[in-house]
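Visitor: Chains as they are written, first to last, in the working numbering: chain A, 26 to 364; chain B, 26 to 364. The following block contains the structure, expressed as structure tokens.
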DNA sequence: CTGTTAGCGCCTTCAG
DNA sequence: CTGAAGGCGCTAACAG
């Protein structure tokens, strides 16, 4: 038998209203009455029905997050983000509603259920697309959200890693190591960050006085396999690149495979670099040079922003740009680099 | 403005009831009427208020999970479990409600909110204690749940890794490599699995005809630091162990540190083994011999069990025991082992 | 085939 | 200081 306000009211010979107010700490309740109510509630182990409360109050103290069930779920990106989001949500007294969905229509439907179904107060989302239907929906529904990643076409609160800056820095680093033929394996174009990273790459080349070469630009699918295939094609060119940048670490691991399959040594004949700094990057052989995204911290910060939004505060900094940290490791030789 | 059944009812000149039934697909609605209702709902982008529906139906299609915010959260245990649980919950059409809490009273309170607050249909929990107040609560509240781990004192549906069997196997492996002085660094006693693993260790020693020695048994705290300290003490004994088992990989990494700090070589002078097979185990130097727990798969299976429970089915196998796989790697020499 | 009534459990006016 | 009434949005039983 569930204990409700009514149970307590009957037991105390009071009305539900009074019990509710006594427990809520209103000051228009006789102190003796309150004591009695509290005592009974305690004894019966009363726990308010949160569903009912949410229906009434139109607030849920819950933050929503939809996690795509994709092939490249294998990379730990969402898990780490989730850890940060969960951690900080907890700190602010929020729970997390999670929906794991195959990307596409079902994913969008999950957002609709959460938002229009009044299950969450706000939403955190990641992996922004250039034309992102989720964001279009959330904006049109006027529902609070913060995203990891930005698209140029519209304005909303986000945190993003400054991919352009990171890439410029990386190209510079490779140039300092003597490289001129620097290739890049991009992420799919529909991902918003692809554009900025590509621009950074081009700017980096420009800064070192190198003409971009179409043959040195490929589009990958973020998987290790994809990285390997793209790299294999490039290495078969008459003038193969001496350095290959991949837009994530997973593809970079694939690049390393391709380099070795050609009988070349990573960090010597060919420099390889990634993006993310997943845990495995430091343990790869050789350790992978990469641009570190502090995903856990970003998750925390997104929640901070979102909670402020939910409190009705206005964000002084609605657009946060974080510089990725260049982790120089042995994969980006040629000269022996320290781990 | 939120679109509710009433919005549609007004628009269509019908009662809320009829609209509800039309959308729910009842067959006592005029087909023409249904078409009209559906059309309007579609046009207005109607989305049922799930909170209201849950209140009415007393079902939420949501599975709850409370994640402790502990020091040893750093190990990826909960993240991997969560991935499995999320994956499979999604497959069954369930969402996940997550509450990250500091362990202790607040943790229990989170369970109470979820259960008594009617926010979830069932609960998945992990890291069972010998006397686990969460389980006591869930049993008393008669709320469906499945746990990863068992306690001997009471009966409920669980999945567990057969720690005793794993330890017997591991001790045997070490004995085959010539070890007789085999030490163990246990997890805290309050964790239910500590007992079974310790028993397996003792049985393993018995099987190879070795008398257990109290000096070779220590209690660790599951952290790397803790493993290092415990191992350092043992290695300082007049007759130090030649093999050290740690109850999780994190502590095993600490053990490896301690061994090296004493100027000894892991896998040669001293064999080291862990439990879990976290991703880093295979990449450690030398790679760590360990007992693999298929945590992701266990998460999936727990949800399968739970969903069956929620459907009112009875579980033919309410107690599932999984054998951990012994991953033999170089850390458990003496003779050079293959990775 | 459709509408009225009722209630899930809670909270917030508004009377008394 | 306390209670009655109303409604959040939805659905089920019962009339008509």
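Glycine included, each C-beta is placed from N, C-alpha and C at the ideal position.
Rounded to whole angstroms, what's the CA-CA distance from residue 179 of chain B to residue 34 of chain A? Just pull it up for me.
Guide: Residue mapping note: residue 179 of chain B aligns to position 154 of the second chain, counting from 1. Residue mapping note: residue 34 of chain A aligns to position 9 of the first chain, counting from 1. One C-alpha to the other measures close to 35 Å.
Visitor: Excluding sequence positions up to five away, which residues of its chain have a Cβ less than 7 Å from the Cβ of residue 94 of chain A?
Guide: Here residue 94 of chain A is taken as the residue at index 69 of the first chain, counted from 1. Result list for residue 94 of chain A: 125, 126, 127, in chain order.
Visitor: Roughly how many angstroms separate the alpha carbons of residue 229 of chain B and residue 187 of chain B, rounded to a whole number?
Guide: Your numbering for residue 229 of chain B matches position 204 in the second chain. Your numbering for residue 187 of chain B matches position 162 in the second chain. Distance between the alpha carbons of residue 229 of chain B and residue 187 of chain B is about 14 Å.
Visitor: According to DSSP, simplified to helix, strand and coil, what is residue 244 of chain B?
Guide: Here the question's residue 244 of chain B lines up with position 219 in the second chain. Three-state DSSP puts residue 244 of chain B in a strand.
Visitor: Return the Cβ separation of residue 170 of chain B and residue 142 of chain B in integer angstroms, given the expectation that the two are a contact with Cβ distance under 8 Å.
Guide: Taking the second chain and counting its residues from 1, one reaches residue 170 of chain B at position 145. Taking the second chain and counting its residues from 1, one reaches residue 142 of chain B at position 117. 15 Å between Cβ atoms; not a contact.
Visitor: Among all the DSSP beta bridges, which residues are the ones paired with residue 323 of chain A?
Guide: The sequence position of residue 323 of chain A within the first chain is 298, counting from 1. Per DSSP, none; premise fails for residue 323 of chain A.
Visitor: Consider the Cβ of residue 221 of chain A: report whether some Cβ of chain B lies at a distance smaller than 8 Å.
Guide: Here residue 221 of chain A is taken as the residue at index 196 of the first chain, counted from 1. No, no contact with chain B.
Visitor: Flag this pair as touching only if the segment 267-274 of chain A and the segment 290-300 of chain A have three or more C-beta atom pairs under 8 Å; answer yes or no.
Guide: Touching, per the Cβ criterion.
Visitor: Output the boundary residues of the beta strand (DSSP E) element that contains residue 316 of chain B.
Guide: Within the second chain, residue 316 of chain B is the residue found at index 291, counting from 1. 314-317 is the span of the beta strand (DSSP E), which, as asked, contains residue 316 of chain B.
Visitor: Pull up the CB-CB distance for residue 276 of chain B and residue 248 of chain B, whole angstroms please, since I reckon it's below 8 Å.
Guide: For the purposes of this step, residue 276 of chain B is taken as residue 251 along the second chain, with counting starting at 1. For the purposes of this step, residue 248 of chain B is taken as residue 223 along the second chain, with counting starting at 1. Confirmed, Cβ separation roughly 7 Å.
Visitor: Can you tell me whether DSSP reads residue 98 of chain B as helix, strand or coil?
Guide: By one-based count along the second chain, residue 98 of chain B stands at place 73. With a pLDDT of 47 at residue 98 of chain B, under the threshold of 50, the modelled position of this residue cannot be trusted; read the value that follows with caution. Reduced to three states, the DSSP call for residue 98 of chain B is helix.
Visitor: Do you know how far the Cα of residue 350 of chain B is from the Cα of residue 357 of chain B?
Guide: Here residue 357 of chain B is taken as the residue at index 332 of the second chain, counted from 1. Here residue 350 of chain B is taken as the residue at index 325 of the second chain, counted from 1. Each residue's alpha carbon lies about 15 Å from the other.
Visitor: Count the CB pairs spanning the segment 147-160 of chain A and the segment 203-218 of chain A that are closer than 8 Å, and state whether there are at least three.
Guide: As far as the Cβ criterion goes, the segment 147-160 of chain A touches the segment 203-218 of chain A, which means the pair count is three or higher.
Visitor: Would you please verify whether the beta carbon of residue 126 of chain A is less than 8 Å from any beta carbon of chain B?
Guide: Residue mapping note: residue 126 of chain A aligns to position 101 of the first chain, counting from 1. Yes, its Cβ sits closer than 8 Å to a Cβ of chain B.
Visitor: Please classify residue 161 of chain A: does DSSP put it in a helix, a strand, or coil?
Guide: As a position in the first chain, residue 161 of chain A is number 136, starting the count at 1. Note: residue 161 of chain A maps to helix in three-state DSSP.
Visitor: Starting from residue 66 of chain A, find everything on chain B with Cβ-Cβ shorter than 9 Å and list it in chain order.
Guide: Taking the first chain and counting its residues from 1, one reaches residue 66 of chain A at position 41. Those do not exist, as residue 66 of chain A stays about 12 Å from chain B at its closest Cβ, beyond 9 Å.
Visitor: Any idea if residue 318 of chain B is buried or exposed, counting beta-carbon neighbours within 10 angstroms, 16 or more meaning buried?
Guide: For the purposes of this step, residue 318 of chain B is identified with residue 293 of the second chain, where counting begins at 1. With 16 or more other Cβ atoms within 10 Å, it is buried.
Visitor: Can you pull out the residues from the segment 72-89 of chain B whose beta carbon lies closer than 7 Å to at least one beta carbon of chain A?
Guide: Those would be 72, 73, 74, 75, 76, 77, 79, 80, in chain order.
Visitor: Buried or exposed, going by whether 16 or more other CB atoms sit within 10 Å of the CB of residue 336 of chain A?
Guide: Working through the first chain from its first residue, we reach residue 336 of chain A at position 311. When all chains shown are included, residue 336 of chain A counts as exposed.
Visitor: Taking the alpha helix (DSSP H) that residue 62 of chain B belongs to, which residues open and close that run?
Guide: Locating residue 62 of chain B in the second chain gives position 37, where the first residue counts as 1. Its alpha helix (DSSP H) spans residues 56-69.
Visitor: Once you ignore the five residues that flank residue 90 of chain A on each side, which residues in its own chain have a CB closer than 6 Å to its CB?
Guide: As a first step, residue 90 of chain A is located in the first chain; it is residue number 65 there, counting from the start. The residues are 123, 149.
Visitor: By DSSP, does residue 329 of chain B sit in helix, in strand, or in coil?
Guide: Within the second chain, numbered from 1, the residue matching residue 329 of chain B stands at position 304. In the structure shown, residue 329 of chain B sits in a helix (DSSP, three-state: H, G or I).
Visitor: Residues of the segment 271-285 of chain B in Cβ contact with chain A at a cutoff of 7 Å, in chain order, please.
Guide: Going along the segment 271-285 of chain B in chain order, one finds no residue with a Cβ nearer than 7 Å to chain A.
Visitor: How is the alpha helix (DSSP H) around residue 304 of chain A delimited, first residue to last?
Guide: The residue you call residue 304 of chain A lines up with position 279 of the first chain. Taken as a continuous stretch (DSSP letters only), the alpha helix (DSSP H) holding residue 304 of chain A covers 304-308.
Visitor: By the 10 Å Cβ neighbour count, where 16 or more other Cβ atoms means buried, how is residue 212 of chain A classified, buried or exposed?
Guide: Position 187 of the first chain holds residue 212 of chain A. Residue 212 of chain A should be labelled buried.
Visitor: By the 8 Å beta-carbon criterion, what residues does the segment 304-326 of chain A contribute toward chain B?
Guide: If the cut-off is 8 Å between Cβ atoms, the segment 304-326 of chain A has 304, 305, 308 near chain B.
Visitor: Taking Cβ to Cβ, would you say residue 109 of chain B is nearer than 8 Å to residue 322 of chain B?
Guide: Residue mapping note: residue 109 of chain B aligns to position 84 of the second chain, counting from 1. Residue mapping note: residue 322 of chain B aligns to position 297 of the second chain, counting from 1. Yes; because the gap between Cβ atoms is below 8 Å, this pair is in contact.
Visitor: For chain A, check one thing: does any of its Cβ atoms lie closer than 8 Å to the Cβ of residue 104 of chain B?
Guide: Numbered from its first residue, the second chain carries residue 104 of chain B at position 79. Closer than 8 Å: yes.
Visitor: Listed in chain order, which residues of the segment 237-248 of chain B have Cβ atoms closer than 8 Å to some Cβ of chain A?
Guide: The residues in question: there are none.
Visitor: Could you check how far apart the C-beta atoms of residue 117 of chain B and residue 328 of chain B are, in whole angstroms? I think they sit under 8 Å.
Guide: Taking the first residue of the second chain as 1, we reach residue 117 of chain B at position 92. Taking the first residue of the second chain as 1, we reach residue 328 of chain B at position 303. About 7 Å; that satisfies the 8 Å criterion.
Visitor: Assuming the contact rule is C-beta atoms closer than 8 Å, residue 163 of chain B and residue 140 of chain B should be a hit. Round their C-beta distance to whole Å, please.
Guide: Stepping through the second chain from its first residue, residue 163 of chain B is reached at position 138. Stepping through the second chain from its first residue, residue 140 of chain B is reached at position 115. The pair is a contact, with the Cβ atoms about 7 Å apart (cut-off 8 Å).
Visitor: In the DSSP assignment, what residue or residues form a beta bridge with residue 344 of chain B?
Guide: Numbered from its first residue, the second chain carries residue 344 of chain B at position 319. In DSSP, residue 344 of chain B forms a bridge with B:183.
Visitor: I'd like to know if the segment 256-266 of chain B and the segment 229-241 of chain B are in contact, where contact means that at least 3 CB-CB pairs between them fall below 8 Å.
Guide: Touching, per the Cβ criterion.
Visitor: Strictly below 8 Å CB to CB, what residues from chain A border residue 122 of chain B?
Guide: Position 97 of the second chain, counted from the start, is the residue given in the question as residue 122 of chain B. What residue 122 of chain B touches in chain A: 87, 120, 121, 122, 123.
Visitor: On the criterion of 16 or more Cβ atoms from any shown chain inside 10 Å, does residue 71 of chain B qualify as buried, or is it exposed?
Guide: As a position in the second chain, residue 71 of chain B is number 46, starting the count at 1. Buried, by the Cβ-count rule.
Visitor: Taking contact to mean 3 or more Cβ pairs, one atom from each stretch, closer than 8 Å, check whether the segment 187-197 of chain B and the segment 222-236 of chain B are in contact.
Guide: Yes, they touch.
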